[in-house]
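Asker: Below is a structure I'd like to ask you about.
Numbering (full-length UniProt numbering), first residue to last: 1 to 257.
Following this line, the structure appears as structure tokens:
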């Protein structure tokens with residue numbers, strides 16, 4: 001999909017440009033992880049975390065692995081790496097190819113969750129990864145919360161039309177403009193407004209689709225609820241409990257309730 005001249009700015013600007021004025025309105029609820037992010041908090045953790053990565057030596061265009069077990073962590077990690085000028089490369093939890101992919105991508109950083117920290121450390125030892133950052137405390141890792149405590153610094157400047165942002169396991173490489181165009185094209189098919197509540201039931205392996213859909217919803221100011229693996233009864237109850245208006249189903253369909 002070719003970028004169009006009307007699409008400008010970075011993914012960070014597109015997704016979080018209006019986050020601060022939305023304040024503490026709920027932005028992302030991950031039912032599996034039991035976490036809730038408001039718009040201001042999510043945007044601040046992305047930008048402060050990105051600044052922390054830069055201060056700890058992250059380089060522009062450098063690939064960083066994302067090896068996590070929940071959607072909230074994946075969203076935060078992907079956007080933090082992108083804001084720091086890096087290339088986010090999500091990895092399937094439990095994959096035996098993690099170390100090999102990190103070597104192939106020449107990754108020097110991986111962001112993980114406590115439950116996958118040991119596997120991430122093992123993959124780091126078998127690759128050129130030098131920093132393992134965890135959303136929480138784990139042996140021989142840096143807690144993501146510590147990045148937020150570092151003095152903030154400027155984030156790198158780059159041309160979003162050529163700056164890579166996301167790398168998928170099938171070697172698909174997407175620039176900032178590629179992702180923004182995908183969000184706008186999806187927005188034409190799936191109209192999302194700030195009054196909407198989007199329920200996403202997709203697994204983490206749907207990297208590009210989840211990044212695009214959740215990014216679009218946050219761009220528009222909607223509330224995103226993530227709950228993969230729901231039974232039909234659980235799906236119905238979740239739709240009722242959260243006042244869901246749009247559902248992303250396992251078959252890939254995104255439809256209004």
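Glycine included, every Cβ here is placed at the ideal spot set by N, Cα and C.
(1) Identify every residue that forms a DSSP beta bridge with residue 37.
(2) Just verifying my parser: in three-state terms, what is the DSSP assignment at residue 90?
(3) Any heavy atom of the ligand SAM inside 7 Å of the beta-carbon of residue 73?
(4) Taking 8 Å as the cut-off, does the segment 208-227 touch the segment 100-119 (at least 3 CB pairs, one atom from each stretch)?
(5) Could you check what DSSP says for residue 256 in three-state terms: helix, strand or coil?
(6) Less than 8 Å between the C-beta atoms of residue 155 and residue 164, yes or no?
(7) In terms of residue numbering, what span does the beta strand (DSSP E) encompassing residue 259 cover?
(8) Helix, strand or coil: which one does DSSP assign to residue 114?
(9) Tell me whether the segment 35-48 and the segment 209-217 touch, counting them as touching only if at least three CB pairs, one residue from each stretch, are closer than 8 Å.
(10) Could you give the C-beta distance for residue 134 and residue 117, rounded to a whole number, given that I count them as a contact under 8 Å?
(11) Let me confirm a value: residue 231 is counted as buried when at least 16 other C-beta atoms fall within 10 Å, else exposed. Which label applies?
Answerer: By the coordinates alone:
(1) Numbered from 1 along the chain shown, position 37 holds the residue referred to as residue 37. DSSP lists 28 as partners of residue 37.
(2) Walking along the chain shown from the start, residue 90 turns up at place 90. Residue 90 carries a strand assignment under DSSP once its states are collapsed to helix, strand and coil.
(3) Here there are no bound small molecules, and the ligand SAM is not part of this structure.
(4) Taking 8 Å as the limit for Cβ pairs, the verdict is that the segment 208-227 does not touch the segment 100-119.
(5) Counting from 1 along the chain shown, the entry for residue 256 is found at position 256. For residue 256, the three-state secondary structure derived from DSSP is strand.
(6) The sequence position of residue 155 within the chain shown is 155, counting from 1. The sequence position of residue 164 within the chain shown is 164, counting from 1. Residue 155 is not a Cβ neighbour of residue 164, given a cutoff of 8 Å.
(7) Nothing in the structure corresponds to residue 259, since the chain is present only between 1 and 257.
(8) As a first step, residue 114 is located in the chain shown; it is residue number 114 there, counting from the start. Helix at residue 114.
(9) Note that the segment 35-48 does not touch the segment 209-217; fewer than 3 beta-carbon pairs, one per stretch, sit closer than 8 Å.
(10) As a working mapping, residue 134 is identified with position 134 in the chain shown. As a working mapping, residue 117 is identified with position 117 in the chain shown. In this structure, residue 134 and residue 117 form a Cβ contact; the two beta carbons are roughly 5 Å apart against a cut-off of 8 Å.
(11) Position 231 of the chain shown, counting from 1, holds the residue named residue 231. Exposed, by the Cβ-count rule.
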